[in-house]
Structure formats: structure tokens, C-alpha cells
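In the working numbering, the protein residues as written are 255 to 578.
Below is the structure:
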């Protein structure tokens, strides 16, 4: 059963439009930059294009969108962004790591960020209502909901569990999430096994430890890297019959048991709207940082059945979406 129908567009491989030099010079250029691969995020690119369209910008018709990825090599972001600055693109749109690199590289080119963390603590803006300078964006607070996700995960089992927590330390928001989860666990006496993963081999090593430590459940932290590897993490967790909780609905669609957070898809649509508003002449410093107003619990009953667990009725009733 579903309490809300979601429509997600699908696109093929992400690529820059092939256009003549004269055409390119006549159109504004937006650079969409991520620290991780774009290959797992077609739905976010589609949502971004939808936001642009709401501001009357259509890729290839009256705006060019160029796509850049550091492919999880964060050390490449400064040079990647520096190239965009040299080329004087009109707007840079990026996730947290890319936006921070862009902010360090330019004080004139408008920057629109999407982040799961706190843009104030991350140093992106000086105020949510009045960002100032050349930076604004959207936060979906995926990295500040760790305590809530831990609480929901604990509700899935009537007996005490050992919970593994997987973070990506390359994500700038990780430290805040780690502190929040550790504090919440200490308050209720929850045993945690905390692990870091920034590469595929790190993920494999983390699961070796999880099995050795006999963890019962896995809480997956936020960030572009772990999101891009959600299918891999979900598959490994299923092999070891782990209860899983993620920050993203997309992980539940990939087979995870549960997610709690806000919609990244809508955040990217809003980023597209902001990029369009800036192209129409508005200043980024005058556009307030957009914040979520709704948090969604998504539960996968098929995964629960495979794990042999029964979801508490109270949890089912509070879910925004239940996948059967």
C-alpha cells in the first residue's frame, strides 16, 4: 500500500548536449557537480531539469547543463571547480563537497548547493534566511536525523540488538551525524559498532567486521558515496540478514528495510528552480536556504518478510509509504 504516489522520471546516460560553439556562447551554462558518480542519480538529474523547466529553462533549448563528477576522488574537486571558474559558467550547482570547493574557488559565480547537513555549521552560508554573498541552496537535513533513525531501527525488534553504523568520513556532514548517533545510543544504552567506508574495499572490510562482531542491524549514514553504493550495501546486508535503515527512500526501493528522511528528488527540483531564478536575474544571497517541512518514513514489507520479522503496527501506521 502507498499513501502517496511518486512519479520518477528516467533518463539515459547523463551527457552534455552536443552543440555548436556559436550556440554554446549564446546560452547560459549551468554546471552540475557532484563528488560521486552521476550514474546512480538519473532521477535527481531529471528532478533538477524539472525545476529548471518550471523557470522556463529547457536543457538544449535555452540553457546548457554541463555535468561533472569527481568519481569519489574528493582531492580532484578543487581543480574540477577551478576549470569551471576559468570558463566562467553562469551557475554552479553541487552537493556539499562540490559546493564547498566552489565556494573556496569563487566569490562571484552563483553557487546553489544541495546538502543533507547544516549549511550554517558547514560554512556555506552566514544565515538561512539571508545567505548573503554568492551562495544559497537546499538542505534536506539527511545528516541531522541520525538519532531518529536509530530510534526507529530499535523499534523493529522486541529484544536488544547490536547495531552497526556505517559512515563515510569523506562526507563533510559525517561528524555531526556521528556525534548525534553516539549521544542517542549512550542515552538508551545501545551498543554500536561504528565503521567508516570511503571505497568499495572499505565496504567489504566493514561487512567482514560486522559479521565478526555479530551485529543484528545496520544503520547507514548519509552522504553521496554511500548513497551511490546503496545497492551494494543493501545486497551485502541481505546476505547477512541484517535489519537496515537508510536516509534515502531510494535504498528501500533497492531492497532495504526502512528509510527516514526527506525527499532528495524534491531537493534537486528546488535546486533547479533556484538555478533558473538566478539566471532570471535574482541574486543568490537574497534567496533563503530552502528547508524541508516533511519527513517521510518508508518501510519495505517484502524485506521484512524475507528477514522473518513483523513490523510493529504503530510503526506501520506512522509510515508515509509502505512497499509490499
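We treat Cβ as the ideally placed atom computed from N, Cα and C, and that holds for glycine.
Candidates the options, of which the one nearest residue i by Cα
i	options	result
residue 525	441, 542 and 404	542
residue 297	532, 558, 523 and 347	523
residue 529	377, 384, 307 and 564	307
residue 290	575, 321 and 317	321
residue 338	360, 422 and 328	360
residue 554	497, 305 and 527	497
residue 460	486, 312, 330 and 438	486
residue 475	451, 353, 354 and 347	451
residue 568	559, 560, 562 and 551	551
residue 353	557, 369 and 340	369
residue 510	535, 378 and 484	484
residue 465	301, 495, 571 and 520	495
residue 326	349, 312 and 316	349
residue 302	331, 283 and 347	347
residue 437	412, 411, 355 and 399	399
residue 371	435, 488 and 477	477
Rounded C-alpha distance that separates residue i from residue j
i	j	result
residue 506	residue 388	36 Å
residue 401	residue 344	39 Å
residue 490	residue 281	45 Å
residue 539	residue 463	46 Å
residue 512	residue 433	22 Å
residue 455	residue 358	31 Å
residue 416	residue 573	24 Å
residue 269	residue 380	Here residue 269 scores only 39 on pLDDT, less than 50, and its place in the model should not be relied on; the value that follows carries that caveat. C-alpha separation (whole angstroms): 34 Å.
residue 577	residue 310	35 Å
residue 328	residue 421	16 Å
residue 470	residue 493	12 Å
residue 333	residue 431	28 Å
residue 383	residue 472	36 Å
residue 427	residue 375	9 Å
residue 405	residue 440	12 Å
residue 545	residue 468	38 Å
residue 548	residue 504	17 Å
residue 276	residue 533	Unreliable positioning characterises residue 276 in this predicted model, as indicated by a pLDDT of 41, which lies under 50. The coordinate reading is nonetheless provided below. Roughly 19 Å separates the two Cα atoms.
residue 363	residue 564	52 Å
residue 508	residue 341	38 Å
residue 575	residue 335	38 Å
residue 414	residue 407	11 Å
residue 266	residue 442	Reliability fails at residue 266, whose pLDDT of 34 lies under 50, so the model's placement of it is uncertain and no value is given.
residue 264	residue 300	Because the pLDDT at residue 264 is just 30, under 50, the model does not fix this residue reliably, and the value given afterwards should be weighed accordingly. Their backbone Cα atoms lie some 7 Å apart in a straight line.
residue 403	residue 351	23 Å
residue 515	residue 312	30 Å
residue 557	residue 316	45 Å
residue 411	residue 535	53 Å
residue 453	residue 429	18 Å
residue 435	residue 520	26 Å
residue 488	residue 285	31 Å
Contacts around residue i, its chain only, beta-carbon distance under 7 Å, and the 5 residues preceding and following it disregarded
i	result
residue 294	482
residue 518	298, 394 and 502
residue 278	Only weak support is given to the placement of residue 278: the predicted model assigns it a pLDDT of 47, under 50, and the value that follows is read from those uncertain coordinates. Only 318 meet the Cβ criterion.
residue 458	none
residue 283	318, 320, 343 and 344
residue 570	553 and 576
Sequence-distant residues of its chain with Cβ nearer than 8 Å to residue i (five each side left out)
i	result
residue 323	287, 288, 289, 290, 291 and 292
residue 305	522, 523, 524, 525, 526, 527, 528, 529 and 530
residue 560	492
Residue-level contact to chain D via CB, residue i, 9 Å cutoff
i	result
residue 415	Included in the structure is just one protein chain, with no chain D present.
Cβ-Cβ separation, residue j to residue i (assumed contact under 8 Å), whole Å
i	j	result
residue 444	residue 566	So it is not a contact: roughly 18 Å between Cβ atoms.
residue 391	residue 366	5 Å
residue 424	residue 479	6 Å
residue 378	residue 355	Going by Cβ atoms, the distance from residue 378 to residue 355 rounds to 11 Å, so no, they are not a contact pair.
Same chain only: Cβ atoms within 6 Å of residue i, ignoring 5 sequence neighbours per side
i	result
residue 448	419
residue 562	none
residue 373	379, 393 and 543
residue 446	417, 419 and 439
residue 537	none
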